[in-house]
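Heads up: the sequence shown is residues 151 to 413, going by my numbering.
Glycine included, C-beta positions come from ideal geometry on N, C-alpha and C.
Bear in mind that the values here come from a model prediction, so they are computed numbers and not experimental data.
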Amino acid sequence: MTAPRPALLGGPPIRDALPTWPPRDSWVAAVFSELAASGDWGRYHGPYVEQLRSELQLLHGACEVFLTCSGSFANELAIRALRLPAGAEIILSAYDYKPNFTNIVQLGYVPVLVDIHPESAQLDVDQLEAAFSDRTGAALISHLQGSAVDVARVAQLAHARGVAVIEDACQQLGGTVQGRIAGTGGDLGTLSFGGSKLITAGRGGAVVTARADLAQRLKLETQRGNDIYPLSELQAAMLLPQLSRLSEARAERQQMVLQLQEM
Numbered sequence: 151m152t153a154p155r156p157a158l159l160g161g162p163p164i165r166d167a168l169p170t171w172p173p174r175d176s177w178v179a180a181v182f183s184e185l186a187a188s189g190d191w192g193r194y195h196g197p198y199v200e201q202l203r204s205e206l207q208l209l210h211g212a213c214e215v216f217l218t219c220s221g222s223f224a225n226e227l228a229i230r231a232l233r234l235p236a237g238a239e240i241i242l243s244a245y246d247y248k249p250n251f252t253n254i255v256q257l258g259y260v261p262v263l264v265d266i267h268p269e270s271a272q273l274d275v276d277q278l279e280a281a282f283s284d285r286t287g288a289a290l291i292s293h294l295q296g297s298a299v300d301v302a303r304v305a306q307l308a309h310a311r312g313v314a315v316i317e318d319a320c321q322q323l324g325g326t327v328q329g330r331i332a333g334t335g336g337d338l339g340t341l342s343f344g345g346s347k348l349i350t351a352g353r354g355g356a357v358v359t360a361r362a363d364l365a366q367r368l369k370l371e372t373q374r375g376n377d378i379y380p381l382s383e384l385q386a387a388m389l390l391p392q393l394s395r396l397s398e399a400r401a402e403r404q405q406m407v408l409q410l411q412e413m
């Protein structure tokens, strides 16, 4: 008896197709139709960006929201806003999104890696204290793959030493960590609207902060006669309908997780 060909060579697949993201919803065509009719998609400044900023501000309770071209740049912008001295150390997890590490190096700072917890693959907060030195300027803490770091404890340890905390919530948009919206547990928070995220425009990101001094620095970093690295009207228009159905998107995503677990 001849074994069937593998699916790669034209044989029958042994599993159904993998779930895809983002969902194919009718509102996508409606958004494009509305933008084409109004011409707003090509504006430098328009209603969609401002509405998205306002709704994210409401969601996070932050005094300021700064929209960016990507989550990676949001983290770079957050680091820049701290105005750390050259050669300062920034603590992050040994297992993290690669651009977080490269952002630190490219900006002239020194990454200090903390090992992960074996059960969660998140930064092990029990090992954090040993990473501080008199050169530490910030801790960049990421929530990855659906888990969360104890940000409250990180902030307590960091702030006692005068060290700022950036909470990378790029994979936790709208989630809660210890009763707070992800991204609001530190001095600055970062979000992403990349292609794999809960709400997406293919690219995009944001920085949130409740500190007026950091908000002013963020303004100085982003306003140079025009917005630099901005989120476009087209992207904002795509994000708004998704933001309004965040809980539904989360439920859909969870169903996809269960589907993958059953394969």
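Original post:
Going by DSSP, what residues sit across from Gln338 in a beta bridge?
Top reply: First, the residue type needs correcting, since residue 338 is Leu and not Gln in the sequence shown. When beta bridges are read from the DSSP output, Leu338 appears opposite Ile316.
**OP:** Please report how far the alpha carbon of Leu278 lies from the alpha carbon of Trp171, in whole angstroms.
**Re:** Looking at the two C-alpha atoms, the distance is approximately 35 Å.
**OP:** Please go through the same chain and pick out, in chain order, the residues whose beta-carbon is closer than 6 Å to the beta-carbon of Leu417, but skip the five residues on each side of it.
**Re:** Residue 417 lies beyond the stretch modelled for the chain, which goes from 151 to 413, so this question has no answer here.
Original post:
Which residue or residues does DSSP assign as beta-bridge partners of Gln256?
Top reply: Answer by DSSP bridge pairing: none, since Gln256 is not bridged.
Subject >> Span of the beta strand (DSSP E), counted from its first residue to its last, around Phe216 >> reply: Start and end: Glu214 to Thr218.
**OP:** Please say whether Ile229 and Gln291 have beta carbons closer to each other than 8 Å?
**Re:** Note that residue 291 is Ile in the sequence shown, not Gln. No, the pair does not count as a contact, with Cβ atoms beyond the cut-off.
**OP:** Kindly indicate the opening and closing residues of the alpha helix (DSSP H) around Glu226.
**Re:** Residues Gly221 to Ala231.
Original post:
For Val262, which residues of its own chain have a beta-carbon under 6 Å away from its beta-carbon, when the five flanking residues on both sides are left out?
Top reply: Within the same chain, Cβ atoms closer than 6 Å to the Cβ of Val262 are found at Glu239, Ile241 and Ala281, the five residues on either side in sequence being excluded.
Original post:
Do Gly352 and Leu389 have their C-beta atoms closer together than 8 Å?
Top reply: At the C-beta level, Gly352 and Leu389 stay beyond 8 Å of one another.
Subject >> Sufficient close CB pairs (3 or more, under 8 Å) joining the segment 359-367 to the segment 181-199 >> reply: No, the segment 359-367 does not touch the segment 181-199.
**OP:** Would you give the residue range spanned by the beta strand (DSSP E) that Ala302 belongs to?
**Re:** Careful: Ala302 lies outside any beta strand (DSSP E), inside the alpha helix (DSSP H) at Val301 to His309.
**OP:** Mind reading off the beta-carbon distance from Gly344 to Gly221? Whole number of angstroms is fine, and I expect it under 8 Å.
**Re:** About 6 Å; that satisfies the 8 Å criterion.
**OP:** Please confirm whether Ala224 and Ser342 have their CB atoms less than 8 Å apart.
**Re:** Cβ distance < 8 Å, so Ala224 and Ser342 count as in contact.
**OP:** Excluding the 5 residues preceding and the 5 following Arg193 in the sequence, name in chain order all residues of the same chain whose CB lies nearer than 7 Å to its CB.
**Re:** So the qualifying residues of the chain are Glu383.
Original post:
Three-state secondary structure (DSSP) at Pro261?
Top reply: DSSP places Pro261 in the strand class (E or B) of the three-state scheme.
Original post:
Shortest alpha-carbon distance to Leu307 belongs to which of Leu202, Thr286, Glu402 and Ser297?
Top reply: Across the set Leu202, Thr286, Glu402 and Ser297, the C-alpha of Thr286 shows the shortest separation from the C-alpha of Leu307.
Subject >> Closest Cα partner of Gln321 within the set Ile331, Ala314 and Leu370 >> reply: Of the candidates Ile331, Ala314 and Leu370, the one whose C-alpha sits nearest the C-alpha of Gln321 is Ile331.
Subject >> Three-way DSSP call (helix, strand, coil) for Glu402 in this model >> reply: In this structure, Glu402 counts as helix in the three-state DSSP scheme.
**OP:** Starting from the N-terminal side, write out each stretch of the alpha helix (DSSP H) that is 4 residues or longer and does not extend beyond the segment 330-387.
**Re:** Complete alpha helix (DSSP H) runs here, min 4: 362-372.
Original post:
Are Leu202 and Ala386 closer than 8 Å when you measure CB to CB?
Top reply: Yes, they are a contact pair.
**OP:** Measure the beta-carbon distance from His293 to Ala319 and round it to whole angstroms, keeping in mind my assumption that it falls under 8 Å.
**Re:** Going by Cβ atoms, the distance from His293 to Ala319 rounds to 6 Å, so yes, they are a contact pair.
Subject >> Exposure label - Ala157; buried when at least 16 CB within 10 Å >> reply: Exposed is the label assigned to Ala157, since fewer than 16 other Cβ atoms lie within 10 Å of its Cβ.
Subject >> Residue of Ala305, Asp284, Asn250 and Gly258 minimising C-alpha distance to Val275 >> reply: Taking only the C-alpha atoms, the option nearest Val275 is Ala305.
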